[in-house]
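What follows is a single structure, written as structure tokens, with notes after it.
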Amino acid sequence: MAEYRAPLSQMRFTIEHLADFDAVTSLQAFSGVDVETAEAVLDEAGKFAGAVLAPTNEVGDRKGVKVVDQAVQVPEEFTAAYTKFREGGWPGIAANPDFGGQGLPKTVSIACDEMWSSANVAFALCPELSQGTVLCLDKHGSEALKATYLEKLVSGEWTGTMCLTEPQAGSDLATLTTKAEPRGDGSYLLSGRKIFITWGDHPMTDNLVHLVLARLPGAPQGTKGISLFLVPKFMVNDDGTLGARNDVYPVSVEHKMGIHASPTCVLAFGDGEGAVGWLVGQPNEGLAAMFTMMNYMRLGVGAQGVGLAERSYQAAVAYARERVQGRAPGEKGRVPIIRHPDIRRTLLLMRSLTQACRAICYYTASCLDRGNHGDTPEAAAAWLARGDLMTPIAKAFSSEIGQEVTELAIQVHGGMGYVEETGVAQYYRDARIASIYEGTNAIQAIDLVGRKLLRDGGLTVSAFVTDMRSVDAPLANAGEDFASLRLWLAKGLDEIVQCSTHVLTGERKDPELVSAAAFNYLMLVGTVIGGWQLARGALAAARELETGSGGDTVFLKTQLLLARFYADHVLPRVGGYAAAVRAPTGTLMALAAEQF
1366 MAEYRAPLSQ MRFTIEHLAD FDAVTSLQAF SGVDVETAEA VLDEAGKFAG AVLAPTNEVG
1426 DRKGVKVVDQ AVQVPEEFTA AYTKFREGGW PGIAANPDFG GQGLPKTVSI ACDEMWSSAN
1486 VAFALCPELS QGTVLCLDKH GSEALKATYL EKLVSGEWTG TMCLTEPQAG SDLATLTTKA
1546 EPRGDGSYLL SGRKIFITWG DHPMTDNLVH LVLARLPGAP QGTKGISLFL VPKFMVNDDG
1606 TLGARNDVYP VSVEHKMGIH ASPTCVLAFG DGEGAVGWLV GQPNEGLAAM FTMMNYMRLG
1666 VGAQGVGLAE RSYQAAVAYA RERVQGRAPG EKGRVPIIRH PDIRRTLLLM RSLTQACRAI
1726 CYYTASCLDR GNHGDTPEAA AAWLARGDLM TPIAKAFSSE IGQEVTELAI QVHGGMGYVE
1786 ETGVAQYYRD ARIASIYEGT NAIQAIDLVG RKLLRDGGLT VSAFVTDMRS VDAPLANAGE
1846 DFASLRLWLA KGLDEIVQCS THVLTGERKD PELVSAAAFN YLMLVGTVIG GWQLARGALA
1906 AARELETGSG GDTVFLKTQL LLARFYADHV LPRVGGYAAA VRAPTGTLMA LAAEQF
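Following the working numbering, the numbering of the sequence shown begins with 1366 at its first residue and continues without gaps.
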């Protein structure tokens, strides 16, 4: 089984050149962060991911989790690794310094998220949910709740969860039935069942903090009647010590295809006297507050796709170098399979797709940093709009590509890829959930088209396309080696404009159009943005090669090659996606339900 080595050079290059790091660190909020700081963080994160987390990955997959005496048991290796994770200060690297966080930009911490997911995605989900809990509570919680819970969550002494789903309420939260009854002292008693609660219980910390969606008495029907509550596993005394056990318990854990060591719990709230909780934000505005956490997690899921793709690519390369099979033209004897053109095509496809998604996720983080911490309201609003646009793309496109790349890793391994001992089957199993949770990729696509595109009549998309077209002149001046990249990128940008116009002009006439076209539209836009990012990377590498300031010429030349390969082998997919976007919806709706 191949070891994991964090691709630090690729990460640093992506942050600096493709996530506009200079623009992020020019903001007042990040004035104390520089390239050296970011590099130091990434170096240490890479060491931790490879030496501490990666060795627990296969163990966790094999051992799994279980419920014993109303408590979840996890592999002891995870508890030991989490202790080191917390002692290293990793839970709070991007959190608010007012509560003990280090205040680093998301543009840096997203790279750490990728490394945790590469090393052990089942483990990574626990601190990722806690970070989302911190963000939500910091933005929407009362001062009393912040004072009681945030410092412990930021330090990693306690962890957080997100409790939305119920047996009858999956993607459609309008049917949610968990109740919250006021007690008259500012607290509430919650009762109901939640399912699919990631890391809903575990022994790695002394306390857990659940953010729970529930309904108040007399609340309006549908999503407009949902409120958000904080429900701790253990009550917290006035002096900060832990008190009595709250009435929330794990009933069972799901037996899943992948992420075996991540406990996916059924939680019972209030089966006894009631689970005590406190309102977060305003009554009946809980879904809006929870979206702070959900959008954070959606970008995190994109990073999971990147992380698992990277881990799979590394495993495939290692196997291709050592597996001897067949002959190659002009060479005597049998050769390692990495010598064969089709294996090289597969490996380059894996690497270019992974880098495209990495650049998309890091750029999304950069947009959100500039939106949340902009020095002027106008600039902040513009970057937030772009970050909102990018979030469903980062989540859905990267998780789709994560599945494609992990599947290709199995193919490179041949029959051994289908055998668990090589490890790549686990990466595929672990990656499969990413297109489902935190809002299925179909929901992300409908959000992109139905909300983001239609909301402003395509203005945000149009502005982004204009920005992406700015690479055309530099590509034209860069010579014949960039001709194919320039051609296919221009075609892709034209297709975004044409398909956006098709949806904007047709959705009122055809009520099925948005849902029918959304997924292919998202994949079209994601593919083109990936090409734009690789083009930017190629231009940056070419500049450094020309000036001699880049250092590693092999690495820089590889950036040129990846961009050209992506242009020749990936950007042509745009034509298929565009044709599907413009296809009539009548075919989809022609059959009656019983005819399927």
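All residues carry an ideal CB built from backbone N, CA and C; glycine is no exception.
| Query | Result |
| --- | --- |
| Looking only at DSSP bridge pairs, what is K1544 linked to? | S1556 and R1580 |
| Using three-state DSSP, classify I1801 as helix, strand or coil. | coil |
| Rounded to the nearest angstrom, how far is the Cβ of G1665 from that of E1493, given a contact under 8 Å? | 5 Å |
| With a 10 Å radius around its C-beta and 16 neighbouring C-beta atoms as the bar for buried, classify G1844 as buried or exposed. | exposed |
| Residue range of the beta strand (DSSP E) that M1781 falls in? | Unbroken run through M1781: none, as it is neither H nor E. |
| Going straight from the alpha carbon of A1746 to that of Y1661, what length do you get? | 18 Å |
| So what does P1597 bridge to, in DSSP terms? | V1574 |
| If you draw a straight line from the alpha carbon of H1382 to that of A1371, how long is it in whole angstroms? | 19 Å |
| Using 8 Å as the cut-off, can you tell me whether the segment 1535 to 1543 makes contact with the segment 1499 to 1513, which would need three or more C-beta pairs spanning the two stretches below that distance? | no |
| Which residue marks the beginning of the alpha helix (DSSP H) containing W1853, and which one marks its end? | A1848 to G1871 |
| Can we say the segment 1563 to 1580 touches the segment 1518 to 1535, given the rule of at least three CB pairs closer than 8 Å? | yes |
| Can you check DSSP and say which residues form a bridge with Q1438? | K1431 |
| Quickly, what does DSSP pair Y1614 with across the bridge? List them, please. | A1633 |
| Would you mind sorting A1796 into buried or exposed? The rule is 16 or more other CB atoms within 10 Å of its CB. | buried |
| Quick check: the segment 1734 to 1742 against the segment 1948 to 1956, are at least 3 beta-carbon pairs closer than 8 Å? | no |
| Which residues does DSSP list as the beta-bridge partners of M1715? | M1715 pairs with nothing; no bridge assigned. |
| In terms of DSSP beta bridges, what is S1592 paired with? | A1579 |
| Roughly how far, in whole angstroms, is the beta-carbon of P1462 from the beta-carbon of G1454, given that I think they are within contact range, below 8 Å? | Actually they are not in contact, since the Cβ atoms of P1462 and G1454 sit about 12 Å apart, beyond 8 Å. |
| Does the segment 1767 to 1780 touch the segment 1670 to 1682, meaning 3 or more C-beta pairs lie closer than 8 Å? | yes |
| Run through DSSP, which three-state label would M1366 get? | coil |
| Is the beta carbon of L1673 less than 8 Å from the beta carbon of T1563? | no |
| Report the partner residues of C1528 according to the DSSP bridge assignment. | V1577 |
| Using a Cβ distance threshold of 8 Å, determine whether the segment 1611 to 1630 contacts the segment 1410 to 1430, with at least three qualifying pairs required. | yes |
| Could you round the C-beta distance between E1638 and D1612 to whole angstroms and report it? I think they count as a contact, below 8 Å. | 6 Å |
| Alpha carbon to alpha carbon, how far is C1722 from G1608? | 45 Å |
| Provide the residue span of the alpha helix (DSSP H) that contains Q1924, from first to last. | T1918 to H1934 |
| Is the beta carbon of I1380 less than 8 Å from the beta carbon of A1476? | yes |
| According to DSSP, is I1703 helix, strand or coil? | helix |
| Leaving aside the five residues before and after T1719 along the sequence, list all residues of the same chain whose C-beta is less than 7 Å from its C-beta, in chain order. | V1671, A1674, E1675, Y1678 and V1770 |
| Tell me whether L1418 sits in a helix, a strand or coil according to DSSP, three-state version. | helix |
| Which residues mark the beginning and the end of the beta strand (DSSP E) in which L1956 is found? | First-last for L1956: undefined, no H or E at that position. |
| Note down, in chain order, each residue of its chain lying with its Cβ closer than 7 Å to the Cβ of S1731, except the 5 sequence neighbours on either side. | A1384, D1385, V1389 and T1472 |
| Got a sec, what are the start and stop residues for the beta strand (DSSP E) Q1690 sits in? | V1689 to R1692 |
| Have a look at E1687 and I1702 and give me their C-alpha separation to the nearest angstrom. | 8 Å |
| For R1901, I'd like the list of residues in its chain whose CB is within less than 7 Å of its CB, leaving aside the five on either flank, ordered along the chain. | H1382, L1383 and V1836 |
| Going by the CB atoms, is the gap between C1864 and R1947 shorter than 8 Å? | yes |
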